[in-house]
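Here is the structure we will look at, set down as structure tokens.
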Amino acid sequence: MSYLVYCLAFVGGFVIMSLEMLGGRMLAPYFGNSIHVWGSIITIFMASLAIGYLYGGRWSVKAPSLAKFGSVFLVGAVFLYPLGYFSEPAMIWIFERIEDTRYGSLLAATFLFAVPTAILGMISPYSVRLLVQTTEESGRVAGRLYFVSTVGSALGTLGTSFYLVLYFEVNTILILLTLALLVVGALALFVSRR
Amino acid sequence: MMRNAIIATLLCGVSISATAELIHKERSLYQSILVNKHGSMVCLQFSVRRDQRNQSCIDQRRPKEMVFTYTKMMMSALLLNPNPKRVLIAGLGGGTLPMALAELFPEAQIDVVEIDPAVVKVAKRFFGFTETEKLQVFAQDARVFTKRALIRADRYDLIMLDAFNGDYIPEHLMTREYLSETKSLLTDDGIIAANTFTVSRLYDHESATYHAVFGEFFNLRPWRSSNRVILTSQQPLPNVLVLGQRAKQLEDRLKPFGIDIRAYPRQLSTKVDWDDDVRVLTDQYSPVNLLQNR
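One line per chain: the protein sequences are A and B, in this order. Mind the numbering: the first sequence is residues 7 to 200 in our numbering, read in order. Mind the numbering: the second sequence is residues 818 to 1111 in our numbering, read in order.
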């Protein structure tokens, strides 16, 4: 089971940063490529992850299970998938109402990315809860989990900005990320049922 | 890249000499801005790399005269619309193009969009750029400005796209959607002049994107030049005779700027000299900076 949890943590880290890189692409047509657009995106990702950590940790206290862990990924996929469809109308709506691109981009980033990112943020504390058995090993397990998920994040950043955007459209990459979440989430559910 | 920069430099007749004196240097939010002085030549650069070509130069002895081939080529837009009343320029640089147009058409309203406020300051301080009621600069992203202008229902007779500095290309300013939005800003006889790329695979992708949005367009790509200017028109493109007549009429007015406008009509080509089967650049797919290095 522990390999599977590490694998899921890796995918979670990958998807979060891949989505963040796509965020710049998605917002640029409406809010430009100014430094404050990246500021908005990073702010919202950080704030959403923070909330995700908090609630993921809280949720892990009572009766943690691999099935629940897997369901986090499935729910994340459900909120990630529609981005390709409603991001355009949402950004048009915001663009027409807010002139200042700082607040426009902040609101757009919130609307598009806050929910899926917060859900994916729950992965880290929950995975710690699943793998830690004793107090002595807690630091080592947590360190290993951070290692795996952060390596996933690094590869998500690199893979998306170096290669994925060179071959795929933004919406196609969103679908690939959704599929990745669905596959590992379903895998966790499948393993937990056995 | 290095070789292209050297060729560009040679063609432009300006050498980045080791004796050039650095008179201003600052790091803005978007780039490093350097101003070099070599004799009476003051030049603007956007990178600290030695091989980086100059963005804009002014010869203080003949401040009116354009130094770069590509800025002169951009003025060929006047062959398609000899009397623009509202002009939009994306990308300020040293302000060469807006200053020339303001002098040629004192009645015209000229809007310039420049993302970097520091560039505006440098253009004013070192390149004699001045804002007037008729010539205004907006420190904004060009894409955002364009979308706002569409909502305001502003229209322009002439739009010049000159926002790329060769080092980093804003990817959202090369897509089909951006060009369509820009096209929608044009009046019925409006013109777009775009300073674009001749190197790497980007040439094919960019050309195919313009082709998809505008249909037939003029390619101005002088022999052995590393510059290429695209001219598009809302009206059918004029034939070489009409172009020749207009060049004749414009000749004397453009000469003080160092522009030999009569050379351009026969260099304007509608030939498809790119691979038109490559993917069109869109908001969904625009890995422009990656393609540039291929």
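For glycine and all other residues, C-beta sits at the position ideal for the given N, C-alpha and C.
- Interface with chain B (7 Å Cβ-Cβ cutoff): residue 113(A) is excluded.
- Under the Cβ criterion of 7 Å, residue 41(A) is counted among the residues facing chain B.
- Between the beta-carbon of residue 1051(B) and that of residue 1007(B) there is about 5 Å, and that keeps the pair under the 8 Å contact cut.
- 7 Å or more divides the Cβ of residue 89(A) from the Cβ of residue 187(A).
- Neighbours of residue 1107(B) in chain A, taken as residues whose beta carbon is under 8 Å from its own, are 168, 171 and 172 in chain order.
- DSSP places residue 34(A) in the helix class (H, G or I) of the three-state scheme.
- Note that the C-beta distance between residue 136(A) and residue 70(A) is below 7 Å.
- In this structure the stretch 873-892 of chain B lies against the stretch 905-922 of chain B, because at least three pairs of beta carbons, one per stretch, are closer than 8 Å.
- With a cut-off of 8 Å on Cβ pairs, the stretch 984-991 of chain B is in contact with the stretch 33-49 of chain A, counting three or more such pairs.
- Taking the Cα of residue 106(A) as reference, the smallest distance to any Cα among 844(B), 1004(B) and 961(B) is reached at 961(B).
- Note on geometry: alpha-carbon atoms of residue 978(B) and residue 1078(B) lie some 20 Å from one another.
- Its Cα nearest to that of residue 18(A), the residue 59(A) stands out among 117(A), 59(A), 99(A) and 104(A).
- In the structure shown, residue 1069(B) adopts helical secondary structure according to DSSP, grouped into three states.
- Those residues of the stretch 966-999 of chain B placed with their C-beta closer than 8 Å to a C-beta in chain A are 968, 987, 988, 989, 992, 994 and 995, ordered along the chain.
- Just so you know, the alpha carbons of residue 1091(B) and residue 1029(B) end up roughly 13 Å apart.
- The criterion of a C-beta distance shorter than 7 Å is not satisfied by residue 935(B) and residue 959(B).
- Within chain B, the residues placing a beta-carbon under 9 Å from that of residue 107(A) are 957, 958 and 961, ordered along the chain.
- For residue 159(A), there is no enclosing beta strand (DSSP E); the residue is part of the alpha helix (DSSP H) that begins and ends at 141-164.
- Exposure of residue 924(B) is indicated by the presence of fewer than 16 other C-beta atoms within 10 angstroms of its C-beta.
- The stretch 851-923 of chain B contains, as complete alpha helix (DSSP H) runs of 4+ residues, the segments 886-891 and 913-921 (chain order).
- Scanning the stretch 921-974 of chain B from its first residue to its last, the whole alpha helix (DSSP H) runs of 4-plus residues come out as 934-943 and 959-969.
- Boundaries cannot be given for residue 1077(B), as no beta strand (DSSP E) includes it and DSSP labels it neither H nor E.
- The stretch 978-1028 of chain B is shown to contain whole alpha helix (DSSP H) runs of 4 or more residues at 993-1001, in chain order.
- Residue 956(B) and residue 1010(B) have their C-alpha atoms roughly 21 Å apart.
- For the pair residue 122(A) and residue 85(A), the CB atoms are nearer than the 7 Å cut-off.
- Listed by position along chain B, the residues whose Cβ is nearer than 9 Å to that of residue 119(A) form an empty set, because the closest Cβ is around 17 Å away.
- Taken atom to atom, the span from the alpha-carbon of residue 922(B) to that of residue 1032(B) is near 29 Å.
- The residues 16 and 19, in chain order, have a CB closer than 8 Å to that of residue 157(A) in the same chain once the five nearest residues on each side in sequence are set aside.
- Think of a sphere of 7 Å around the beta carbon of residue 846(B): the chain A residues whose beta carbon falls inside it are 41, in chain order.
- Taking 7 Å as the CB threshold, residue 88(A) stays off the interface with chain B.
- Distance from the CA atom of residue 1088(B) to the CA atom of residue 1038(B), rounded to whole angstroms, is 11 Å.
- Bounds of any beta strand (DSSP E) do not take in residue 93(A); it lies within the alpha helix (DSSP H) bounded by 89-103.
- Following the DSSP letters along the chain, one finds residue 46(A) inside the alpha helix (DSSP H) bounded by residues 41-65.
- The shortest C-alpha to C-alpha distance from residue 1084(B) to any of 1023(B), 909(B), 1058(B) and 1105(B) is the one to 1058(B).
- Close to chain B, meaning a Cβ-Cβ distance shorter than 8 Å, are the following residues of the stretch 33-60 of chain A: 34, 35, 36, 37, 38, 39, 40 and 41.
- Taking residue 172(A) as reference, the option from 856(B), 836(B), 965(B) and 1109(B) with the minimal CA-CA separation is 1109(B).
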